[in-house]
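A quick write-up on the structure given underneath.
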Amino acid sequence: MGKVSDLQPFIWGLTEGHRKIINKLVENNNIKCALDVACGYGETAIMLASLGVEVVSLGTDPRIVERAKHRAVEAGHNPTFLLGDMRDVSTYYAKRCDLITCMGNSLSYLTNTDDIWGTLAQFYTLLLPGGMLVIHTLNYDLIWEREKKFSLPEFMGSGMTVMAQLQGNPGHGDTKIVFSVVTVQKGKVTQTFEYPIKPLFCRDLNMLLAEMGFQKIKNYNPDGRKNGNECLHNITLAYRPGGRENNVG
């Protein structure tokens, strides 16, 4: 069985819809500095840097972080990449910023509610008044209600597809996501990956954010529309009150 980190950047990398949302946030809110947690291969950090934002990006896998650094150099940008766990993000990032991004369904990999709570609390304190938090998760409301198994974009080029399935009971804390790599040529599953997660349903995530003090919490699909549960992905926007009024439109 492989590592989910090998799949993550390809499956949950930035879509065009994600890019549009982030681009609008930066352009409409004069974002100068940002913190990107769970950096993956650096897509979000590189995009933010290309928009003139000063970026610090945090990741836990040394190999993945090194790849992100190389990709940034190749793209001609210089975000700062750090090795560290987002549960201890305040240890690695001491100042406050305009924007925090947590993409790639990463928050769901914190299976302990206390860890999620503690991480969100740190996000809040690290944001300047009026600062924005952007979280990407799967649209668990849709996946769990309709069908647990769904197709994902092609994995690492043509000829390979990834299927994902939620297994377990989210109410009992024993849920996991299973990725199956299907080789089109062979027509069968050639490799599987699994990882424990905590499905973050919109209502639960929004409630946590509200209890933390975040305001104007909204859920969108990657096309930027308010989430009508028609998309497999979910973008949650929230801001720390005070300072400027934030605008995503």
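Once you know that position 82 of the sequence shown is 82 in full-length UniProt numbering, the rest is easy, because the numbers rise by one and skip nothing.
Every residue gets a Cβ at the ideal spot worked out from N, C-alpha and C, and that includes glycine.
Every value quoted in this text rests on a predicted model; they were computed, and no experiment measured them.
Asn28 carries a helical assignment under DSSP once its states are collapsed to helix, strand and coil. If you ignore the 5 residues before and after Leu133, its C-beta comes within less than 6 Å of the C-beta of Ile100, Phe123 and Ala238, all in its own chain and listed in chain order. In the structure shown, Ile100 falls within a strand segment according to DSSP collapsed to helix, strand and coil.
If you look at Asn206, you'll find it isn't in any beta strand (DSSP E); it sits in the alpha helix (DSSP H) that goes Cys202 to Met212.
Under DSSP, Asp36 forms a beta bridge with Ser57 and Thr101. Within the same chain, Arg87 come within 6 Å of Asp115 by CB-CB distance, once the 5 residues on both sides are set aside. Of the candidates Tyr220, Ser90, Leu110 and Gly59, the residue whose Cα lies closest to the Cα of Thr175 is Leu110.
The beta-bridge partner set that DSSP reports for Glu194 consists of Val178.
Here the stretch 90-104 does not lie against the stretch 65-74, with fewer than 3 beta-carbon pairs under 8 Å apart. Within the DSSP bridge table, the entry for Ala238 names Leu133 as partners. Taking the CA atoms as reference points, Pro62 sits about 33 Å from Trp144. The three-state secondary structure of His77, taken from DSSP, is coil. Shown here, Tyr109 sits in a helix according to DSSP, grouped into three states. Checking the DSSP bridge columns, you'll see His233 partnered with Leu138. For Ser57, the closest C-alpha among the options Tyr93, Leu25, Ile217 and Gly76 is that of Tyr93. Looking only at Ile46, Pro199, Gly40 and Ala34, the smallest Cα-Cα distance to Glu54 is reached by Ala34. Sorting Ser180, Ala49, Gly42 and Thr44 by C-alpha distance to the C-alpha of Lys32 places Ala49 at the top. Non-local C-beta neighbours of Val182 in its own chain, meaning closer than 8 Å and more than five positions away in sequence, comprise Met160, Thr161, Val162, Met163, Lys188, Val189 and Thr190, ordered along the chain.
Under the criterion of beta carbons closer than 8 Å, Cys97 and Leu128 qualify as touching, at roughly 6 Å. A check of alpha carbon separations from Ile217 across Pro196, Pro199, Ile197 and Arg240 identifies Arg240 as the nearest. For Tyr41, no alpha helix (DSSP H) run applies, since DSSP gives it neither H nor E. In the DSSP assignment, Tyr220 falls within the beta strand (DSSP E) that extends over Gln215 to Tyr220. For Tyr92, the enclosing alpha helix (DSSP H) has its first and last residue at Val89 to Tyr92.
In terms of CA proximity to Thr192, Ser180 leads the group Ala38, Tyr220, Asn30 and Ser180.
Inclusion of Leu83 and Gly59 in the CB contact set at 9 Å is warranted, their separation being smaller than that value.
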